[in-house]
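For what it's worth, the numbering used here labels the leading residue of the sequence shown as 4, then goes sequentially. Beta carbons are placed, not taken as given, at the ideal position from N, Cα and C, and that holds for glycine. Below is one structure, written out as structure tokens, with a few remarks after it.
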Amino acid sequence: MVFSALRFSAVVVAVLPLVSASLERRAVRNGHHPHFEARGTAGKCIATSWSQVGERVFDYVIAGGGTAGLALAGRLSEDAAVSVAVIEAGHSAYGAQAARVETPSAAYFDSSVGSELDWQYKTTLQAGTAREMSWPRGKTLGGSSAINGLYYTQASKREHQAWSRLATGSSDDTEHWGWHAMRDAHLKATEYMGSSVRELDGAIAAQANETLGHSGPLAVAYPARSYSSVAAWGPAFASMGISAAAAPYDGQTHGAFVAASTLDTAEWKRSFSRSAYVDPICDERANLVVLPNQHVTKVIFDDDDTTLGQRRALGVEFAASKEAPRVRVTARREVILSAGAIGSAQLLQLSGVGRKELLEKHGIDVVYDLPGVGRNLQDHLAVSTSYKVKEGVPLPSNSSPDDRQLNSYVDGAVAYLTVRDIFGDDTAAFLQRAEAASEKYAEASQMPAAVKRGYKRQVRLLLRDLLAEESQHGFSGHAKPVLEMLLGTMDSSMHFSSAAQAPFSRGYVSIHSADAFEQPHIDAGYLGHETDLELLVAGIKIARRAAATSQFAELLESETTPGAAVATESYEELISYVRETAETNYHPTSTCSMLAEHLGGVVDQWLRVYGTSNLRVVDASVIPVSLSAHTQSAAYAIAERAADIIKQARKEGKSEPVEECAEEEEEEEQDEEECEA
């Protein structure tokens with residue numbers, strides 16, 4: 004069936020109560036929505052029924068109310084002349100789950116992983132680990148920012164120069180994705196709320212005060228309490244020859260530091276995208292509606308619109324469950340996917356944008372043959388060593404659940420290590436091994452041709468410009484870290500986690516069927532590239548070195564895992580331990596990569612999906628090469644940059660709404676008179 008842009012909203016599931024088309028158009032033009040205004044004063048923008056969105060017309064329709072989706076909605080709705088709808092599969096994040104979401108230490112002692120707040124994804128059987136692996140992702144308003152570990156770290160200056168080069172062909176720091184542009188986005192997103200811990204309230208807090216934002220929605224701070232293990236972190240790494248990070252919130256992340264957390268110190272609660280970007284304005288803006296508990300099933304395209312070979316997205320279809328009727332909502336200007344590294348790729352494929360062979364296999368009409376959709380998947384794989392703590396060493400606990408300050412604790416001790424830190428004089432030899440292994444890996448892979456070209460480009464960039472001490476193409480700043488070391492404390496144990504930040508392995512996401520409610524096929528490709536194994540083995544050795552320093556020797560009694568049975572220098576035994584125990588560090592990216600189309604890219608530098616005129620992706624799936632940082636900071640920055648790009652496009656007349664009167668074939672006489680007037 005062929006739909007014009009306006010008739011699209013009129014053919015929605017017949018059981019819905021209908022509002023007259025002319026009234027709807029007048030409401031949208033005036034920035035008002037009758038259903039919203041009738042809801043009272045408490046949380047107006049959070050819809051309680053699909054009828055508040057279904058069969059309606061909005062300027063911008065956002066599929067996914069996670070970290071980036073809600074941040075983008077908050078920014079776009081600043082313009083009262085446009086209307087914004089967000090549709091999220093998960094529930095509100097409050098109610099019975101509120102304490103779990105809002106209490107920072109609950110991330111450790113009462114995790115949302117495995118609960119209804121979690122999509123509970125599973126990978127396929129991984130050849131590199133010989134097991135399926137859990138992939139928790141937030142399924143609630145706020146997405147993973149509502150259930151994550153609250154770490155707030157940022158990528159380095161050089162990484163953003165490389166991102167800009169891949170996306171735009173230029174490493175200019177002022178480009179959309181260059182360092183200065185992204186630094187400004189980080190500043191715009193955050194409000195630094197300080198530190199009240201004496202041990203942290205020195206150089207660490209002062210440096211954060213200078214380089215984090217002071218007027219953004221997202222609260223960033225240090226916990227109200229800290230512990231001796233955190234105090235030992237920096238000195239321990241310094242004794243190993245790894246100094247403190249020079250400016251971790253100003254592009255200089257190499258070294259050890261105590262990371263800030265997404266904490267609101269006013270009440271010692273988690274700060275996440277709902278509490279930061281939506282709750283403060285929810286009662287004030289009639290042009291924003293957020294609909295939880297509804298699963299977007301596909302994007303709808305206009306069959307008639309093939310201007311310059313680009314298809315126009317009319318809106319999206321959604322439903323509460325597999326059995327529920329499908330409902331549609333119209334986008335006058337743009338449809339924006341913000342469903343994350345798994346969901347956005349899945350939605351594109353379900354909507355007919357993806358590799359032609361995959362779509363035809365599942366009976367999906369091909370809107371645009373785009374083989375990069377779902378490909379280039381990267382994740383930070385982590386392995387840990389654990390220790391029993393000496394008696395009397397204080398550790399965090401949840402023994403006082405009503406003590407908000409105590410419950411504000413987040414493990415914030417991190418260190419970002421470069422190839423030089425790990426291999427020293429053998430750095431050149433390591434890079435040569437990585438290059439040889441990459442050629443072998445690429446040739447053996449089943450990647451589509453364009454994706455393989457993109458992979459080879461990424462590897463060249465990694466080896467010559469990111470991981471090398473000196474960039475061959477003039478990128479500035481320190482080399483990209485390849486390992487992140489994390490300190491974890493719980494109960495009577497302490498953990499040193501090593502997470503690979505520059506994965507050479509690649510995976511993919513692909514649909515199993517045309518059923519939007521069936522979880523997609525997720526193959527992370529873990530440890531398919533031998534260099535990733537080498538880096539994680541090195542991480543175990545570094546963790547053991549840290550535990551043996553005088554600072555930690557005072558705190559630790561004995562190693563419990565992998566334990567004495569696995570010798571430090573036995574490479575084969577350490578490889579076995581990595582394969583048996585490695586887990587995700589919860590940072591999947593790049594399935595809708597911002598790369599040239601001939602390199603397997605999915606979106607251009609303006610976040611527009613290739614082959615479409617008004618469909619964008621705004622979330623961590625657009626990051627072309629995995630960043631050496633926890634991804635939530637990048638997701639917020641991407642949303643901030645996207646809002647600026649979209650607003651500028653509207654200002655320049657590049658995001659014009661559908662001309663409703665011209666597109667409607669059977670206007671009522673009253674509507675015709677209104678159009679002529």
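Cβ-Cβ separation between residue 425 and residue 545: approximately 7 Å, consistent with a contact (criterion under 8 Å).
Per DSSP, residue 215 lies in no alpha helix (DSSP H) and is assigned neither H nor E. Taking 7 Å as the cut-off, the beta carbon of residue 268 is found no closer than this to the beta carbon of residue 234. DSSP places residue 571 outside both helix and strand once states are collapsed to three, so it counts as coil. Taking C-beta atoms as the reference points, residue 265 and residue 155 count as a pair closer than 7 Å. Using a C-beta cut-off of 8 Å, the region 605-620 makes no contact with the region 567-578, since fewer than three inter-stretch Cβ pairs fall below that distance. Note on the region 407-436: whole beta strand (DSSP E) runs with a minimum of 3 residues are 416-420, in chain order.
In the DSSP assignment, residue 370 falls outside any alpha helix (DSSP H) and carries neither an H nor an E.
Counted as a single uninterrupted DSSP element, the alpha helix (DSSP H) harbouring residue 640 occupies residues 634-654.
Judged by pairs of C-beta atoms under 8 Å, the region 161-168 touches the region 626-641, as three or more such pairs exist. Close CB contacts of residue 231 within its chain, under the 8 Å cut and outside five residues either way in sequence, are with 396, 397 and 558 (chain order).
Segment contact: the region 635-642 against the region 72-80, three or more CB-CB distances shorter than 8 Å; contact assigned.
Spanning the alpha carbons of residue 433 and residue 586 requires a straight line of approximately 24 Å. In the three-state scheme derived from DSSP, where H, G and I count as helix and E and B as strand, residue 186 is classed as helix. Between the C-alpha atoms of residue 82 and residue 413 there is a straight-line separation of about 36 Å. Inter-residue distance for residue 443 and residue 462 is about 12 Å (C-alpha atoms, whole angstroms). Three or more beta-carbon pairs separated by less than 8 Å link the region 497-512 to the region 444-462, which places the two stretches in contact. Sequence-distant Cβ neighbours of residue 103 in its own chain, meaning closer than 6 Å and more than five residues away, are 109, 113 and 115.
If you draw a straight line from the Cα of residue 122 to the Cα of residue 429, it comes to about 42 Å. Counting only runs that start and end inside the region 55-109, the alpha helix (DSSP H) elements of at least 4 residues fall at 70-79 and 101-105. Beta-bridge annotation (DSSP): residue 129 is paired with 134. The Cβ neighbour count for residue 283, taken over all protein chains shown within 10 Å, is under 16; the residue is labelled exposed. Judged by DSSP secondary structure, residue 232 falls within the alpha helix (DSSP H) whose first and last residues are 231-242.
The Cβ atoms of residue 335 and residue 62 lie closer than 7 Å to each other. Collapsing the DSSP output to three states places residue 163 in a helix.
Along the region 509-533, the beta strand (DSSP E) occurs as fully enclosed runs of 3 or more residues at 511-513 and 524-526, listed in sequence order. Burial of residue 191 is indicated by the presence of at least 16 other C-beta atoms within 10 angstroms of its C-beta. Every beta strand (DSSP E) of 3 residues or more that sits fully in the region 536-598 is shown, in chain order, as 559-564.
For the pair residue 528 and residue 341, the CB atoms are not nearer than the 7 Å cut-off.
Burial is judged here by how many other beta carbons sit within 10 angstroms of a residue's own beta carbon; residue 128 has fewer than 16 and is exposed.
Under DSSP, residue 496 shares a beta bridge with 391 and 493. By the neighbour-count criterion, in which 16 or more other beta carbons inside 10 Å mark a residue as buried, residue 257 falls on the buried side. Taking residue 126 as the centre and dropping the five residues before and after it, the same chain places the C-beta of 135, 136, 138, 525, 526 and 527 closer than 7 Å to its C-beta, in chain order. In the three-state reduction of the DSSP assignment, residue 156 falls in the coil class, being assigned neither a helical nor a strand state.
Pairing residue 213 with residue 378, the inter-Cα distance amounts to about 38 Å. Spanning the alpha carbons of residue 656 and residue 647 requires a straight line of approximately 14 Å.
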